[in-house]
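Residue 116 is where the sequence shown ends in my numbering, and the numbering goes up by one at each step. The block underneath contains the structure these notes are about, expressed in structure tokens.
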Amino acid sequence: MPQIRFILPWATQETHAHPGQSILEVGKAANVPLGHMCGGVCACSTCHIWVRQGADSLPQPEVAELDQLEHAFGLKPHSRLACQALVGEEALEVVLTEESLKAYFSENPDEACKLRDKTKASK
Ligand code: FES
-6 MPQIRFILPW ATQETHAHPG QSILEVGKAA NVPLGHMCGG VCACSTCHIW
44 VRQGADSLPQ PEVAELDQLE HAFGLKPHSR LACQALVGEE ALEVVLTEES
94 LKAYFSENPD EACKLRDKTK ASK
């Protein structure tokens, strides 16, 4: 089971995945705040991530993913849509984009409040 490390602006979350799972599925199961406004059907770009390590182990993006990525902010060479990128056999390091975080907290305002309270408590 490959290890998946999610890099957030305030923390790192690590989990394991089954090959063939989408990065979005892995993130949701681990409570990673990944946006996914279309529900994971390649119809938005709110699950946009940067795959910092292990990108070559992912299947190449299909045309629909590439088309949707054109609408994403901050494109980088290893930009992917988490709902379309399927985990292979290798470990991955995934950076959440600001776009994805904003979408997540927009849909889950209670989570934003919990995070703010947790951040205050740790100061
Ligand atoms: S969740 Fe909408 S494209 Fe991935």
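Where a beta carbon is used, it is the ideal one built from N, C-alpha and C, also for glycine.
How big is the Cα-Cα spacing for residue i and residue j?
i, j, result
"glycine 67", "proline 26", "18 Å"
"glutamine 77", "threonine 5", "22 Å"
"glutamine 14", "alanine 114", "35 Å"
"alanine 65", "methionine -6", "30 Å"
"glycine 47", "asparagine 24", "21 Å"
"serine 50", "asparagine 101", "31 Å"
By Cβ distance, which residues of its chain are closer than 6 Å to residue i, with the 5 residues on each side in sequence left out?
i, result
"leucine 1", "Leu89"
"glutamate 105", "According to the sequence shown, residue 105 is alanine rather than glutamate. Excluding positions up to five away in sequence, the list reads Phe98."
"cysteine 37", "Met30 and Cys31"
Would you grab the beta carbon distance between residue i and residue j for me? Rounded to a whole angstrom, and I think it's under 8 Å.
i, j, result
"leucine 117", "leucine 62", "The question about residue 117 has no answer, for the chain in this structure spans -6 to 116."
"leucine 17", "histidine 29", "6 Å"
Quick one: what's got a C-beta closer than 8 Å to residue i's C-beta in the same chain, skipping five residues either side?
i, result
"proline 52", "Ala78, Leu79 and Gly81"
Determine the closest residue to residue i out of the options, with distance taken between C-alpha atoms.
i, options, result
"tryptophan 43", "Asp110, Ala36, Glu104 and Ile(-3)", "Ile(-3)"
"lysine 95", "Thr39, Asp60 and Ser72", "Thr39"
"lysine 69", "Gly33, Arg45 and Lys111", "Arg45"
"glycine 32", "Ser93, Glu7 and Asp103", "Ser93"
Between which residues of its own chain and residue i is the CB-CB distance below 7 Å, once the five residues before and five after are set aside?
i, result
"alanine 57", "Cys35"
ask   = In chain order, which beta strand (DSSP E) runs of at least 3 residues are fully inside the stretch 44 to 83?
value = 72 to 74
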